[in-house]
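**Student:** In the working numbering, the protein residues as written are -12 to 199.
For each residue, glycine too, the CB sits at the ideal point set by N, CA and C.
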Amino acid sequence: MNIDFIKDQFPDLAKDQKLIEEIAQVATIKSYNKGEVIIDYGDYIKYVPMVISGLLKIIREGENDNEILLYFLGSGESCAASFSCCMIKKRSEIKAVCEEKSKILMIPISYADQWMGKYSNWRDFVINMYDARLLSLIDTIDRVSFAKLDEKLLYYLDEMVSHKSDQVLNISHHEIALDLNASRESISRLLKKLEAAGKISLSRNEITIIDL
DNA sequence: ACATTAAGTGATT
DNA sequence: AATCACTTAATGT
């Protein structure tokens, strides 16, 4: 497998050549398109996913139709929770949905486990990912409990565009509304304001970020 | 051309 | 800010 991208996306891991070689041996690369579900509720997780490119959305769904957006995973990021989740053979409590065409490096859990002792770079990577996820969760709590909708929307757009190479988001107002637990109309109106302020431009299923 | 889906708007609570 | 009712616009068949 061609593993050159690891040096770009995961520079901390790339420092250890042996680790890189082993990753190349055991990992597989999977591609997903927008909307595909990568991990669903109740799934047993067998791989630690590492995002090479694209964007994943990690969400928690309630009994009704409401969902909470926990965080995004962009390139160079990984979901450490999946690691512990499969270590204790628990079913997934969360859902991972592909937000835009993505490539994911899948590390079989048995290796991910074994590398913890074998490679300090890997161990540091996993710990850093835990820390990063925890911080973004705390951030999320702040957002959902305190922020007003217009602030949430700004944060959402910012978060989304920061994980992308270009400034164009292919998403409908409806989808945003679901992610933010708001009504579609509110989102449309707020977006309209942002457009009037020259921060974004709108067209069907497309939002171009000009300057937030 | 028609149906469907996305988005815009005003009124009401 | 949510909901409703309705309009307008874009897109698919």
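Would you call the CB atoms of Tyr117 and Val13 closer than 8 Å?
**Tutor:** Within the first sequence, numbered from 1, the residue matching residue 117 stands at position 130. Within the first sequence, numbered from 1, the residue matching residue 13 stands at position 26. In this structure, Val13 does not lie closer than 8 Å to Tyr117 by Cβ.
**Student:** Can you list, in chain order, the residues of its chain whose CB lies under 7 Å from that of Lys17, leaving out five sequence neighbours each side?
**Tutor:** For the purposes of this step, residue 17 is taken as the residue at position 30 of the first sequence. The residues are Ile91 and Met93.
**Student:** Pick out the complete alpha helix (DSSP H) segments inside the segment 53 to 111, 4 residues or longer, and give them in chain order.
**Tutor:** DSSP runs (the alpha helix (DSSP H)) wholly in the segment 53 to 111: 67 to 74 and 96 to 105.
**Student:** May I ask which residues mark the beginning and end of the beta strand (DSSP E) holding Leu189?
**Tutor:** What you label residue 189 is simply residue 202 of the first sequence in a count that begins at 1. Run containing Leu189: Ile187 to Ser190, per the beta strand (DSSP E) assignment.
**Student:** Tell me the DSSP secondary structure of Lys180 in three-state form.
**Tutor:** Within the first sequence, residue 180 is the residue found at index 193, counting from 1. Lys180: helix per DSSP, three-state reduction.
**Student:** When you compare the CB positions of Lys21 and Lys88, do they come within less than 8 Å of one another, or not?
**Tutor:** One-based indexing of the first sequence puts residue 21 at position 34. One-based indexing of the first sequence puts residue 88 at position 101. The answer is yes: Cβ separation under 8 Å.
**Student:** Contact between the segment 113 to 128 and the segment 53 to 63: three or more CB pairs below 8 Å?
**Tutor:** Contact holds: three or more Cβ-Cβ distances are below 8 Å.
**Student:** DSSP three-state call for Lys44: helix, strand or coil?
**Tutor:** Numbered from its first residue, the first sequence carries residue 44 at position 57. Residue state, collapsed to three classes: strand.
**Student:** If we ignore side chains and look at the alpha-carbon of each, how far apart do Asp129 and Glu138 end up?
**Tutor:** Your numbering for residue 129 matches position 142 in the first sequence. Your numbering for residue 138 matches position 151 in the first sequence. Going from the Cα of Asp129 to the Cα of Glu138 covers about 11 Å.
**Student:** Just to confirm the assignment, what range does the beta strand (DSSP E) spanning Glu193 have?
**Tutor:** In the first sequence, residue 193 corresponds to position 206, counting from 1. First-last of the beta strand (DSSP E) with Glu193: Glu193 to Ile196.
**Student:** What number of angstroms, rounded off, separates the C-alpha of Gln154 from the C-alpha of Leu177?
**Tutor:** As a working note, residue 154 is residue 167 in the first sequence. As a working note, residue 177 is residue 190 in the first sequence. Their backbone Cα atoms lie some 19 Å apart in a straight line.
**Student:** In the DSSP output, which residue or residues are listed as bridge partners for Ser18?
**Tutor:** By 1-based counting over the first sequence, the position of residue 18 is 31. Paired residue(s): Lys90.
**Student:** Can you list, in chain order, the residues of its chain with a C-beta nearer than 7 Å to that of Pro95? Leave out the 5 residues immediately preceding and following it.
**Tutor:** Locating residue 95 in the first sequence gives position 108, where the first residue counts as 1. So the list reads Val13, Lys33 and Tyr34, once near-sequence residues are dropped.
**Student:** With respect to the alpha helix (DSSP H) encompassing Ile10, which residues constitute its N-terminal and C-terminal limits?
**Tutor:** Along the first sequence, read from residue 1 onward, the residue named residue 10 stands at position 23. Ile10 -> alpha helix (DSSP H) spans Gln4 to Val13.
**Student:** Run the CB neighbour count on Asp145, radius 10 Å, all protein chains shown included, and call it buried at 16 or more, exposed below.
**Tutor:** Within the first sequence, numbered from 1, the residue matching residue 145 stands at position 158. With fewer than 16 Cβ atoms within 10 Å of its Cβ, Asp145 is classed as exposed.
**Student:** What number of angstroms, rounded off, separates the C-alpha of Ser69 from the C-alpha of Pro36?
**Tutor:** Within the first sequence, the letter at position 82 stands for residue 69. Within the first sequence, the letter at position 49 stands for residue 36. Looking at the two C-alpha atoms, the distance is approximately 8 Å.
**Student:** Would you mind sorting Met147 into buried or exposed? The rule is 16 or more other CB atoms within 10 Å of its CB.
**Tutor:** Residue mapping note: residue 147 aligns to position 160 of the first sequence, counting from 1. Buried, because 16 or more other Cβ atoms sit within 10 Å of the Cβ of Met147.
**Student:** Got a sec? Which residues, its chain only, sit under 6 Å from Leu181 by beta carbon, not counting five neighbours each side?
**Tutor:** Numbered from 1 along the first sequence, position 194 holds the residue referred to as residue 181. Cβ neighbours of Leu181 beyond the five flanking positions: Ile187.
**Student:** Alpha carbon to alpha carbon, how far is Asn168 from Glu86?
**Tutor:** The residue labelled residue 168 in the question sits at position 181 within the first sequence. The residue labelled residue 86 in the question sits at position 99 within the first sequence. So the alpha carbons of these two residues sit roughly 17 Å apart.
**Student:** Could you check how far apart the C-beta atoms of Ile174 and Ala164 are, in whole angstroms? I think they sit under 8 Å.
**Tutor:** On the first sequence, position 187 is the one that residue 174 refers to. On the first sequence, position 177 is the one that residue 164 refers to. The Cβ separation is near 5 Å, so the contact holds.
**Student:** Could you tell me which uninterrupted beta strand (DSSP E) segments, each at least 3 residues in length, are contained entirely in the segment 100 to 173, listed from first to last along the chain?
**Tutor:** Runs found: none.
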